[in-house]
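Asks: Pasting in a structure now, in structure tokens, and then I'll have a few things to ask.
There are 2 protein chains.
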Amino acid sequence: MKIELLTKNDNLSIQNTIISQIRDLINIKNLEPGDKLPSERMLSEKFEVTRSTVREAIQKLEFFGLLKSIPQSGTFVANIGVIALNGMIEDILRLDTPDFKSLVETRILLELKTVRLASLRRTEEDLKHLKSTLDAHEKKVLNGEDAVQEDLLFHLAIAKASRNSSMNTFMLTITPEIITNFEKHHVCSKNQVMSSIKEHKDIYDAIKNQNPKEAKDKMKAHFKILYQYCYNIK
Amino acid sequence: MKIELLTKNDNLSIQNTIISQIRDLINIKNLEPGDKLPSERMLSEKFEVTRSTVREAIQKLEFFGLLKSIPQSGTFVANIGVIALNGMIEDILRLDTPDFKSLVETRILLELKTVRLASLRRTEEDLKHLKSTLDAHEKKVLNGEDAVQEDLLFHLAIAKASRNSSMNTFMLTITPEIITNFEKHHVCSKNQVMSSIKEHKDIYDAIKNQNPKEAKDKMKAHFKILYQYCYNIK
DNA sequence: AATATAAAACTGGTTAACCAATTTGCATAT
DNA sequence: ATATGCAAATTGGTTAACCAGTTTTATATT
Numbered sequence: 001m002k003i004e005l006l007t008k009n010d011n012l013s014i015q016n017t018i019i020s021q022i023r024d025l026i027n028i029k030n031l032e033p034g035d036k037l038p039s040e041r042m043l044s045e046k047f048e049v050t051r052s053t054v055r056e057a058i059q060k061l062e063f064f065g066l067l068k069s070i071p072q073s074g075t076f077v078a079n080i081g082v083i084a085l086n087g088m089i090e091d092i093l094r095l096d097t098p099d100f101k102s103l104v105e106t107r108i109l110l111e112l113k114t115v116r117l118a119s120l121r122r123t124e125e126d127l128k129h130l131k132s133t134l135d136a137h138e139k140k141v142l143n144g145e146d147a148v149q150e151d152l153l154f155h156l157a158i159a160k161a162s163r164n165s166s167m168n169t170f171m172l173t174i175t176p177e178i179i180t181n182f183e184k185h186h187v188c189s190k191n192q193v194m195s196s197i198k199e200h201k202d203i204y205d206a207i208k209n210q211n212p213k214e215a216k217d218k219m220k221a222h223f224k225i226l227y228q229y230c231y232n233i234k
Numbered sequence: 001m002k003i004e005l006l007t008k009n010d011n012l013s014i015q016n017t018i019i020s021q022i023r024d025l026i027n028i029k030n031l032e033p034g035d036k037l038p039s040e041r042m043l044s045e046k047f048e049v050t051r052s053t054v055r056e057a058i059q060k061l062e063f064f065g066l067l068k069s070i071p072q073s074g075t076f077v078a079n080i081g082v083i084a085l086n087g088m089i090e091d092i093l094r095l096d097t098p099d100f101k102s103l104v105e106t107r108i109l110l111e112l113k114t115v116r117l118a119s120l121r122r123t124e125e126d127l128k129h130l131k132s133t134l135d136a137h138e139k140k141v142l143n144g145e146d147a148v149q150e151d152l153l154f155h156l157a158i159a160k161a162s163r164n165s166s167m168n169t170f171m172l173t174i175t176p177e178i179i180t181n182f183e184k185h186h187v188c189s190k191n192q193v194m195s196s197i198k199e200h201k202d203i204y205d206a207i208k209n210q211n212p213k214e215a216k217d218k219m220k221a222h223f224k225i226l227y228q229y230c231y232n233i234k
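In structure tokens:
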């Protein structure tokens, strides 16, 4: 377990080393947007690592839109100047894995927006989906069962109804992390769970009635406990 | 070119097919959190695809926190119940690649928050970094040169100073996409670029003075044109 | 019958050979 | 000199064999 973690960190630091070496190479060779990088084989030889290590580094930079690989042709500097490229790589190298507080903070921000957008853009199909997740949650809570999953799905249904696929994606990436952490920290008490039924209903109604202000306010009320929690943890 | 696009779509739809088959398998076998999936080799044989295709599908589900691969041991259902798992996979399968409007909308949301947080949390080091990106931008604009990159780096410096690594990551993923699109749609006129110098300065001062309201307002003013643009495109 | 032990089978990850498409270099023809 | 055709070299991507742990199974021992 300890060893696994070590090698994982090692892999990441090796990858970061390769990324910064690629950056240096781009700078030394004065490569501009559209220019071709040396082949993966040459880079792996130059940096004295395996080709797959180079490959992963390139894919990470590709994910952030800085490089672009074209099959049977080569890897190219994206349509971004060297100044932005250097700055962004610097940031990427220093990226931390998000802590719980960051995640909760981001979730609240996103949801206060998605709920507003959902109230403005929701289709009839969205409403049906929202209703079914709403009912599923209520049923579980009234049965005295754990309803964390149904709670999650209601919030994701809102994100979907916001018709903003970027926010929807972000919600999908951070929410699972949050709920598993939640259970660990057991944030919610029994009373809070019961009251969440009404809070969900209020949010649903606001979306149904296409009332953006109400939707946001009701979501804010729903997050009240979460707010406190988020800003109290160190 | 046309063919490349086709195969890319094909690959994605094959991956989605595999993902839904994995979901079906989890349901049929009643797998619960912590349970082990069949091995990659068995899955590839069962689904009649190569092992790497199965691998990519698993990695995507791992990215969204639904599965967890452990070396030399197996792939496991994450600590998320089957209900949430089914709902989330449904969402993941239907995820669109974000359109430009979604990206701009998300950027505005994020930046109105990061600038506020930055004003509250910025360190002296953050301030130095902000100042240097501010100056670089001003210098370029006054020289009559294109300053899109410096503009980007100023905004990323704010995201960094917000000390929220989740938002910082999101900003890093969407901003390059936005600026390349911007140049395509040529959003900014000459006058707007000149006035952006003062707008940046105002934002910087608000962050320096640790005035969150001012920071947000100045950022909002800076986004005024962007707002209009975002809500006018179809 | 229960336990200890070792060997065999199985696991996700890695590597090196392979593939098909592209690019390059050169000979040839115009 | 320029254009054309073609083969050789080069490219990122894919595949199948391999690796180092883990897990299971069978055997031996008490």
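Chains as they are written, first to last, in the numbering used here: chain A, 1 to 234; chain B, 1 to 234.
Note that beta-carbon positions come from the ideal geometry of N, C-alpha and C, so glycine has one too.
Would the stretch 172–180 of chain A and the stretch 98–105 of chain B be scored as touching if the rule is three or more Cβ pairs under 8 Å?
Replies: In short, these stretches do not touch, since the Cβ pair count stays below three.
Asks: If we ignore side chains and look at the alpha-carbon of each, how far apart do Lys213 (chain B) and Gln210 (chain A) end up?
Replies: Distance from the CA of Lys213 (chain B) to the CA of Gln210 (chain A), rounded to the nearest whole angstrom, comes to 29 Å.
Asks: Mind pulling the chain A residues with CB within less than 8 Å of Thr17 (chain B)?
Replies: Near Thr17 (chain B) there are no residues of chain A at all, since even the closest Cβ is about 20 Å away, more than 8 Å.
Asks: At which residues does the beta strand (DSSP E) containing Gly74 (chain A) begin and terminate?
Replies: 74–77
Asks: Between the Cα of Lys208 (chain A) and those of A:Leu37, A:Leu120, A:Ser20, spot the shortest distance and give me the residue it belongs to.
Replies: A:Leu120
Asks: Can you have a look at Thr123 (chain B) and say buried or exposed, based on whether 16 or more other CB atoms are within 10 angstroms of its CB?
Replies: exposed
Asks: Buried or exposed: where does Glu45 (chain A) fall if 16 or more other Cβ atoms within 10 Å of its Cβ makes it buried?
Replies: By the neighbour-count rule (16 or more Cβ atoms within 10 Å), Glu45 (chain A) is not buried but exposed.
Asks: Please list, in chain order, all residues of the same chain as Leu127 (chain B) whose beta carbon is under 7 Å from its beta carbon, the five residues on each side excluded.
Replies: Contacts found: Lys208.
Asks: Are the beta-carbon atoms belonging to Ser158 (chain A) and Thr114 (chain A) less than 8 Å from one another?
Replies: In the sequence on display, residue 158 (chain A) carries Ile and not Ser. It is a contact, given that the beta carbons lie within the stated cut-off.
Asks: Please compile the residues from chain A whose C-beta is within a distance smaller than 9 Å of the C-beta of Thr123 (chain B).
Replies: Correct list: empty, because the minimum Cβ distance to chain A is about 14 Å.
Asks: List the endpoints of the continuous beta strand (DSSP E) containing Ile80 (chain A).
Replies: Looking at the DSSP string, Ile80 (chain A) is not in any beta strand (DSSP E), and its letter there is neither H nor E.
Asks: Under 8 Å, do Ile19 (chain A) and Ala78 (chain A) count as touching if we go by C-beta distance?
Replies: no
Asks: From the DSSP secondary-structure annotation, give me the bridge partner or partners of Ser69 (chain A).
Replies: A:Thr75
Asks: For Lys29 (chain A), which three-state DSSP category applies?
Replies: coil
Asks: Could you give the first and the last residue of the continuous alpha helix (DSSP H) run that contains Arg94 (chain A)?
Replies: Here Arg94 (chain A) belongs to no alpha helix (DSSP H), and DSSP marks it neither H nor E.
Asks: Can you find a CB in chain B that lies within less than 8 Å of the CB of Glu56 (chain A)?
Replies: no
Asks: Excluding sequence positions up to five away, which residues of its chain have a Cβ less than 8 Å from the Cβ of Pro38 (chain A)?
Replies: Leu25, Lys46
Asks: In chain order, what residues of the stretch 185–212 of chain B put their CB closer than 7 Å to some CB of chain A?
Replies: none
Asks: Determine which residues share a DSSP beta bridge with Lys184 (chain A) and list them.
Replies: Bridge partners of Lys184 (chain A): none, in fact.
Asks: What do you reckon, are the CB atoms on Glu145 (chain B) and Thr133 (chain B) nearer than 8 Å?
Replies: no
Asks: Roughly how many whole angstroms lie between the Cα atoms of His155 (chain B) and Lys218 (chain B)?
Replies: 13 Å
Asks: Using CA atoms only, rank isn't needed, just tell me which of B:Leu66, B:Lys201, B:Asn30 is closest to Ile178 (chain A).
Replies: B:Leu66
Asks: Is there at least one Cβ from chain B nearer than 8 Å to Met219 (chain A)'s Cβ?
Replies: no
Asks: Can you find the residues in the same chain that come closer than 7 Å, C-beta to C-beta, to Leu226 (chain B), ignoring five residues on each side of it along the sequence?
Replies: Closer than 7 Å at the Cβ level, and outside the excluded window around Leu226 (chain B), lie Val104, Ile108.
Asks: Can you name the residues of chain A whose CB is closer than 9 Å to the CB of Gln149 (chain B)?
Replies: Ile80, Gly81, Val82, Ile83, Ala84, Leu85, Gly87
Asks: Does any residue of chain A bring its CB to less than 8 Å from the CB of Met167 (chain B)?
Replies: yes
Asks: Bridge partners of Lys36 (chain B), per DSSP?
Replies: DSSP lists B:Phe76 as the beta-bridge partner residues of Lys36 (chain B).
Asks: Quick one: any contact between the stretch 81–97 of chain B and the stretch 191–203 of chain B, if contact means 3 or more CB pairs under 8 Å?
Replies: no
Asks: Would you mind telling me which residues of chain A sit closer than 8 Å to Pro176 (chain B), beta carbon to beta carbon, in chain order?
Replies: Contact annotation for Pro176 (chain B) against chain A: Phe64, Gly65, Leu66, Ala78, Ile80, Ala84, Met88 [CB-CB distance below 8 Å, chain order].
Asks: Mind listing the chain B neighbours of Ile92 (chain A)? Cutoff is C-beta to C-beta under 7 Å, in chain order.
Replies: In chain order: Leu172.
Asks: In three-state DSSP terms, what is Ser162 (chain A)?
Replies: coil
Asks: Taking Asn164 (chain B) as the query, report the chain A residues whose CB atoms sit under 7 Å from its CB, ordered along the chain.
Replies: Ser102, Glu105, Thr106
Asks: Do Leu112 (chain B) and Lys184 (chain B) come within 8 Å of each other at the CB atom, strictly closer than that value?
Replies: no
Asks: Measuring CB to CB, does Glu303 (chain B) end up less than 8 Å from Ser69 (chain B)?
Replies: The question about residue 303 (chain B) has no answer here: the residues shown for chain B are numbered 1 through 234.
Asks: Below 8 Å on the Cβ atoms is my guess for Asn164 (chain B) versus Ser166 (chain A); work out the distance and round it to an integer in Å.
Replies: The pair is not a contact, with the Cβ atoms about 17 Å apart (cut-off 8 Å).
Asks: Keeping to the same chain, check which residues put their C-beta closer than 6 Å to that of Leu5 (chain B); ignore five residues upstream and five downstream.
Replies: The pLDDT assigned to Leu5 (chain B) is 37, lower than 50, so where the model puts this residue is not dependable; a value taken from the coordinates is nonetheless given after this. For Leu5 (chain B), where only same-chain residues beyond five positions count, there are no Cβ hits under 6 Å.
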